[in-house]
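Protein sequences, first through last, are from chains A and B.
Following the numbering used here, the numbering of the first sequence begins with 1 at its first residue and continues without gaps.
Following the numbering used here, the numbering of the second sequence begins with 204 at its first residue and continues without gaps.
Using N, Cα and C, we set each Cβ at its ideal position, and we do this for glycine too.
Step one of this worksheet: look at the structure below.
There are 2 protein chains.
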Amino acid sequence: MSPPRRTRIQRRNSETILDAALEVFSAQGFRGATLDQIAEVAGLSKPNLLYYFPSKEAIHLALLSRLLETWLDPLKAMNPDGDPVTEILLYVRRKLELSRDFPRESRLFANEILQGAPRMRRVIETELKDLVAEKARILTRWMEEGRIARLHPVHLIFSIWAMTQHYADFEMQVGTVLGPDEPDPYPEAGLYLDTLFRRLLAV
Amino acid sequence: MSPPRRTRIQRRNSETILDAALEVFSAQGFRGATLDQIAEVAGLSKPNLLYYFPSKEAIHLALLSRLLETWLDPLKAMNPDGDPVTEILLYVRRKLELSRDFPRESRLFANEILQGAPRMRRVIETELKDLVAEKARILTRWMEEGRIARLHPVHLIFSIWAMTQHYADFEMQVGTVLGPDEPDPYPEAGLYLDTLFRRLLAV
DNA sequence: TCCGTTCCTGACCGGATGGTCAAACCTTTG
DNA sequence: CAAAGGTTTGACCATCCGGTCAGGAACGGA
């Protein structure tokens, strides 16, 4: 999407801007974010932002397009020839790591979907849908072979998404409810989800 | 929170405004929504909105405060003296019905939490936290009595929230991925979640 | 019917916000 | 070192948006 940056300065500043924009967009949503906020976080002036990106929209778009790869990778990595339970648990673990390591990206995505995905419809209707269909077929085959329990494959994927993203998207709620004694919920969440899906998938 | 409406017109218009505001806030977030949009959906003029509510903020607040009750009710209804599995499955079902029947409320809540709950911190830190703590104790007791499987009680609650709210908050994604063949995902989701939690909780 | 109250609106205001631009500044290169 | 090209910014603009206000319309009780 975004053209390759030629000079060192261009690469560095584009990166700085995208990082600052991620910070602000993920916390405030597209309309809630202002160029002034992004500029301040980036430590640059507003006109300078618009020297590197033609508009606020373009910054947002650049973030979304680089996001999708990262987001779909773990599902793509699910190996049809591996051990079903191992593969699925690995997917859950990877997805949870994504929530832990890239919560801002997760919230950016959540914001976008919540608002009807005005800027991602296309990609969701094509890439995401096709990928899920492909992986659902694999899950169905595993079920027919009696290697995991019979379940609705797509809802199975939904439940993985829901539970893993919950820890990033509702971080504030999770943190508050667990209290300050448990500052990092991820180890416990990993154990919990592991147990959950093991029991769910057992034949 | 909002003062009781005296006349018939006041009741009717306040209701119309809150419904329109719910529509717009849940789809656009607080900052993304404009009074003009709300006014148009409500079929009223902008100054008329501000005749009934002192500010945009006040409309949003009125929505949030009426929301919380509805939102906590199902968890409150979990009966300590009932059959554990039945009670938990009932909670899951009620929460899923909430997503199906009040998706806009769900998204309003999601928007709020996503952005760090700037207007709900207090309530989450007190009411919600206390309620979860209380219900977690009940779950723990059930586990110690060997009536359901041993799990982290709070993460169990998180997983219920995550999976049920997913269908409302990510409605667009769910609808797209399932395709137009399956216009109403809720019956299937109900079956899936029922199975999931039965297997998870079985001792 | 008349009158006080409630309800409604067009016109307007001030501040925020996305975006522009000319000019200054800096870096690189011949 | 000087020109060329790349980078940065202060000042500015048009629009949007939350909110105000004076006055008019509709309502309801007597």
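To the nearest angstrom, how far is the alpha carbon of residue i from that of residue j?
i                     : j                     : result
residue 369 (chain B) : residue 283 (chain B) : 27 Å
residue 268 (chain B) : residue 219 (chain B) : 17 Å
residue 190 (chain A) : residue 332 (chain B) : 22 Å
residue 198 (chain A) : residue 135 (chain A) : 19 Å
residue 347 (chain B) : residue 178 (chain A) : 20 Å
residue 205 (chain B) : residue 322 (chain B) : Low confidence applies here, because residue 205 (chain B) scores a pLDDT of 46, under 50, leaving its location unreliable and the question unanswered by this model.
residue 306 (chain B) : residue 300 (chain B) : 10 Å
residue 297 (chain B) : residue 83 (chain A)  : 36 Å
residue 121 (chain A) : residue 200 (chain A) : 32 Å
residue 214 (chain B) : residue 334 (chain B) : 32 Å
residue 33 (chain A)  : residue 351 (chain B) : 46 Å
residue 90 (chain A)  : residue 386 (chain B) : 31 Å
residue 71 (chain A)  : residue 158 (chain A) : 14 Å
residue 212 (chain B) : residue 247 (chain B) : 13 Å
residue 363 (chain B) : residue 277 (chain B) : 12 Å
residue 225 (chain B) : residue 7 (chain A)   : 48 Å
residue 142 (chain A) : residue 153 (chain A) : 10 Å
residue 101 (chain A) : residue 168 (chain A) : 9 Å
residue 389 (chain B) : residue 13 (chain A)  : 46 Å
Would you identify the three-state DSSP class for residue i, choosing helix, strand or coil?
i                     : result
residue 316 (chain B) : helix
residue 346 (chain B) : helix
residue 60 (chain A)  : helix
residue 237 (chain B) : coil
residue 223 (chain B) : helix
residue 228 (chain B) : helix
residue 361 (chain B) : helix
residue 387 (chain B) : coil
residue 352 (chain B) : coil
residue 322 (chain B) : coil
residue 169 (chain A) : helix
residue 251 (chain B) : helix
residue 336 (chain B) : helix
residue 282 (chain B) : coil
residue 393 (chain B) : helix
residue 7 (chain A)   : coil
residue 217 (chain B) : helix
residue 53 (chain A)  : coil
residue 102 (chain A) : coil
Would you verify that the beta carbon of residue i is, or is not, closer than 9 Å to some beta carbon of chain A?
i                     : result
residue 375 (chain B) : yes
residue 364 (chain B) : yes
residue 327 (chain B) : yes
residue 220 (chain B) : no
residue 241 (chain B) : no
residue 350 (chain B) : no
residue 233 (chain B) : yes
residue 251 (chain B) : no
residue 379 (chain B) : yes
residue 271 (chain B) : no
residue 405 (chain B) : yes
residue 256 (chain B) : no
residue 382 (chain B) : yes
residue 402 (chain B) : yes
Distance cutoff 9 Å, beta carbons only. Does residue i sit that close to anything in chain B?
i                     : result
residue 117 (chain A) : yes
residue 196 (chain A) : yes
residue 104 (chain A) : no
residue 155 (chain A) : yes
residue 23 (chain A)  : no
residue 129 (chain A) : yes
residue 11 (chain A)  : no
residue 188 (chain A) : yes
residue 41 (chain A)  : no
residue 169 (chain A) : yes
residue 84 (chain A)  : no
residue 204 (chain A) : Absent from the model: residue 204 (chain A). The displayed extent of chain A is 1 to 203, so no value can be given.
residue 192 (chain A) : yes
residue 113 (chain A) : yes
For my contact list, residue i and residue j are in at a C-beta cut-off of 8 Å; report their separation, rounded to the angstrom.
i                     : j                     : result
residue 164 (chain A) : residue 92 (chain A)  : 7 Å
residue 151 (chain A) : residue 398 (chain B) : 7 Å
residue 252 (chain B) : residue 261 (chain B) : Going by Cβ atoms, the distance from residue 252 (chain B) to residue 261 (chain B) rounds to 10 Å, so no, they are not a contact pair.
residue 234 (chain B) : residue 28 (chain A)  : 7 Å
residue 271 (chain B) : residue 311 (chain B) : Wrong, their Cβ atoms sit about 11 Å apart, outside the cutoff.
residue 365 (chain B) : residue 162 (chain A) : 4 Å
residue 124 (chain A) : residue 329 (chain B) : Between residue 329 (chain B) and residue 124 (chain A) the Cβ distance is about 38 Å, and since that is not below 8 Å, they are no contact.
residue 358 (chain B) : residue 105 (chain A) : So it is not a contact: roughly 23 Å between Cβ atoms.
residue 35 (chain A)  : residue 46 (chain A)  : 5 Å
Can you tell me whether residue i sits near the ligand FAD, meaning its C-beta is under 8 Å from at least one heavy atom of the ligand?
i                    : result
residue 79 (chain A) : Among the ligands in the structure shown, none appear at all, so the ligand FAD cannot be discussed.
| Counting pairs of beta carbons, one from the stretch 314-321 of chain B and one from the stretch 163-178 of chain A, are three or more of them closer than 8 Å? | yes
| Using 8 Å as the Cβ pair cut-off and three pairs as the minimum, do the stretch 52-64 of chain A and the stretch 10-26 of chain A touch? | yes
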